Amino acid sequence: MSSGPDPKVGDEVEYAPGRLAIVTDIRKGVLYLRGRGSREWAAETEALTVARTREERIAAGDAW
19 MSSGPDPKVG
29 DEVEYAPGRL
39 AIVTDIRKGV
49 LYLRGRGSRE
59 WAAETEALTV
69 ARTREERIAA
79 GDAW
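When we follow the numbering used here, the leftmost residue of the sequence shown carries the number 19, and every step to the right adds one.
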């Protein structure tokens, strides 16, 4: 798993052990995540770990 200082839009992040979501927006420092369903929610940056960057997801053909 990659780690980075701050998740960016399009990055896949782990928000809980084994739970992944995509960063869809950043508004005033608040990250908004979307799971594989239609659920979207805000999350605190400190609680997230970058699993794959947007670039890694695109290279793997997994940009959903």
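Note that beta-carbon positions come from the ideal geometry of N, C-alpha and C, so glycine has one too. Quick caveat: nothing in here was measured; it's all calculated off a predicted structure.
(1) Please return the same chain residues whose Cβ sits closer than 7 Å to the Cβ of Asp43, not counting the five positions on each side in sequence.
(2) Helix, strand or coil: which one does DSSP assign to Arg37?
(3) Between the C-alpha atoms of Pro25 and Glu74, what's the straight-line distance to the nearest angstrom?
(4) Let's test the definition: count the other Cβ atoms within 10 Å of the Cβ of Asp80 and tell me whether it reaches 16, buried, or not, exposed.
(5) The beta strand (DSSP E) with Ala61 in it runs from where to where?
Judging by the given coordinates:
(1) Position 25 of the sequence shown, counted from the first residue, corresponds to residue 43. By the criterion of a C-beta distance shorter than 7 Å, Asp43 is surrounded in its chain by Val27, Tyr50, once the five residues flanking it on both sides are discounted.
(2) Counting from one through the sequence shown, the residue named residue 37 turns up at place 19. DSSP, reduced to helix, strand and coil, places Arg37 within a strand of the structure shown.
(3) As a position in the sequence shown, residue 25 is number 7, starting the count at 1. As a position in the sequence shown, residue 74 is number 56, starting the count at 1. Straight-line measurement puts the Cα of Glu74 at about 13 Å from the Cα of Pro25.
(4) Position 62 of the sequence shown holds residue 80. Exposed, because fewer than 16 other Cβ atoms sit within 10 Å of the Cβ of Asp80.
(5) Position 43 of the sequence shown, counted from the start, is the residue given in the question as residue 61. Where Ala61 is concerned, the enclosing beta strand (DSSP E) stretches over 58-61.
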